[in-house]
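Count the sequence shown with the working numbering and you get residues 67 to 534, in order.
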Amino acid sequence: MSNLNRDILYLVFEQIQDDDKKTLFSCLLVNKTWCEIIIPMLWRNPWEHLNSENGMILLNVINSHLSDVTKNKIREHMIFTDFDQKPLFNYISYCKHLNLDEIQRIIDENVNEKSEISNIQNEIFNIFINENMKYSHLYVYQNFDSQINFINGAERCFSEIEFLSCNTDVNDNIITILTETCKSIRKLELFINLKNNNYGIIKLIEEQKKLSDISLTRTHFDDISFYEILENSLTKHASTIQFCKFTRSPTKLLSSCINLKKLELGSKIRSISTSWYCLKDLSFPYLQILRSSSVPVDVMTSLIINTKGFLVEIKIDCIWYDETRSKILIQAIYQNCPNIKYLKLKIGNCSILELEPLLISCKYLKVLYLLIGEGQFDWNKLFEIFTKSSSSSLYKFKFNINGQPKLESYKLFFDNWKGRHPMFLQIFSNVIIDFNFNIIERYKKEGIIKKFDSCYWWDQGTKDFEFN
């Protein structure tokens, strides 16, 4: 395999990078060719998993790219002293993501003379911002307070930015450079402040030609006047916007987004706002993905009814609703979503029977994620419906539950699943999950279970099932 064509290796490693970075790291050691292909991938976004522990290591590598003159100038002001290593690759040249806050943070944490921070920052920023660099992603948040002295070449660096994530009090010099040079932003992620918002962002938005994905994170006390102007500027792009994420209801903007394909509403903060009800009458005929958190279920039901059958993913989270609303929601799904592949919703004992017509009607469903609350729950009936009515495409199940069904109920489920596609099962519970894992291993050997995960609610680090 080490002699495979470089283009094929690149495609293989790209897939591994998306799924398993640990495996990608191990591939570095195979041979020089593999290493030369993988290093640029790993350095595309070196800020992705950065923390205080590995920040010093990264800063060491960054400093290794400085000139000897600059190293000697800043050496005595830094906490660490490893300035003599020579980089095997020009790692910085591979960066496509630039996170100004993270650069500032790791410098702040590793400089022992605070009066020298500004000078050191400028030296290091010059490595990243120059005529030889070009970025696709830029991150600037509230912690970034440096007044960067942008040198010649900054225009080229930011001329092809496709993703911008920033607070709305971002520095003027950054906004000015972006407004003058960048017309290519496709995805815009804004965190709206209570005050000191930079109205230059409005001009930046107006200059964009390809804006298709927006995310607005708001508090309940943000600058209303600024937000209204911001929403008006985004509405001018409504015909090209296909992906939206909002923590609070933006009625005017959403009502104009007729080509929307993905919509995320709310936040995990369990605070239900009546403002969401203004969305009940909106229609998104091309919508494919609908996700919500702490949004009234009546609103979600109406949005589902007002689609035209293209929904492939529905996630409804962090919201309580009674059994009557649960039934109405499930009915809306199986009556309007024949192509659904991923479904996450709350279910109670009285709405179990509605799952049967859902499984029969939604033949493409691949992942079913059920949130099951307190009280009596008929697990045997649920598992009976699964084994009786699931299509051949459904074999991935996930439960987030209060309490725990009896082991006998699981065994009945597993026994009746025999002969079908081996199942994937994830369980999150508020109690200790007391499984006899010898039994799980037996069902794995029999080809009934392919993968099994279980943990506490607060340890939900297990990767969610994909439905592709």
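All residues carry an ideal CB built from backbone N, CA and C; glycine is no exception.
So is residue i buried or exposed if we call it buried at 16+ other beta carbons inside 10 Å?
i    : result
H303 : buried
C416 : exposed
Q81  : exposed
H390 : Sequence check: residue 390 is Thr here, not His. So T390 ends up on the exposed side.
S181 : exposed
R284 : buried
K454 : exposed
I280 : buried
K511 : exposed
E179 : exposed
V96  : exposed
I413 : buried
S68  : For S68, the predicted structure reports a pLDDT of 48, less than 50, and the residue's modelled location is therefore unreliable. The matter cannot be settled from this model.
T317 : exposed
Y408 : buried
For residue i, which of helix, strand or coil comes out of DSSP?
i    : result
M122 : helix
N192 : helix
M107 : helix
M67  : For M67, the predicted structure reports a pLDDT of 48, less than 50, and the residue's modelled location is therefore unreliable. A value from the coordinates is still provided. Three-state DSSP puts M67 in coil, outside helix and strand.
S65  : The shown model of the chain, from 67 to 534, leaves out residue 65, and the question about it has no answer.
K407 : coil
V78  : helix
I295 : helix
I467 : strand
Y265 : coil
K412 : strand
V365 : helix
I438 : strand
Identify the residues that DSSP records as bridge partners of residue i: which are they?
i    : result
R357 : E330, K381
D279 : K253, F309
F518 : L491
L230 : L204, L254
V177 : M144
H131 : DSSP output for H131 lists no bridge partner at all.
V236 : In the DSSP output, where bridge partners are listed per residue, V236 has none listed.
N165 : Y205
V96  : DSSP lists no partner for V96.
V497 : Its beta-bridge partners do not exist; DSSP assigns none.
Using only the alpha-carbon positions, how far apart do residue i and residue j sit?
i    : j    : result
I394 : G332 : 21 Å
Q442 : L282 : 40 Å
I268 : S184 : 29 Å
C161 : R110 : 4 Å
K346 : F257 : 25 Å
S321 : N117 : 40 Å
P362 : S392 : 12 Å
L353 : D134 : 56 Å
L491 : D383 : 19 Å
L166 : L90  : 26 Å
I355 : W445 : 29 Å
T99  : S159 : 18 Å
S315 : R357 : 14 Å
G485 : I514 : 8 Å
Y509 : K432 : 21 Å
G375 : N468 : 33 Å
L108 : V236 : 28 Å
N259 : D288 : 6 Å
F463 : I418 : 15 Å
H115 : L478 : 42 Å
I104 : F194 : 21 Å
E175 : F191 : 16 Å
Y76  : K87  : 14 Å
N138 : N188 : 15 Å
Counting pairs of Cβ atoms below 8 Å between the stretch 165 to 174 and the stretch 105 to 123, do you hit three or more? The stretch 165 to 174 and the stretch 105 to 123 touch, with no fewer than 3 CB-CB distances between them shorter than 8 Å.
Q) Are the stretch 426 to 443 and the stretch 472 to 483 touching by the rule of at least three beta carbon pairs closer than 8 Å? A) For the pair of segments examined, the stretch 426 to 443 was found not to touch the stretch 472 to 483: the number of CB pairs separated by less than 8 Å stays below three.
| Contact the stretch 228 to 239 vs the stretch 191 to 210: 3+ CB pairs below 8 Å | In short, these stretches touch, since the Cβ pair count reaches three.
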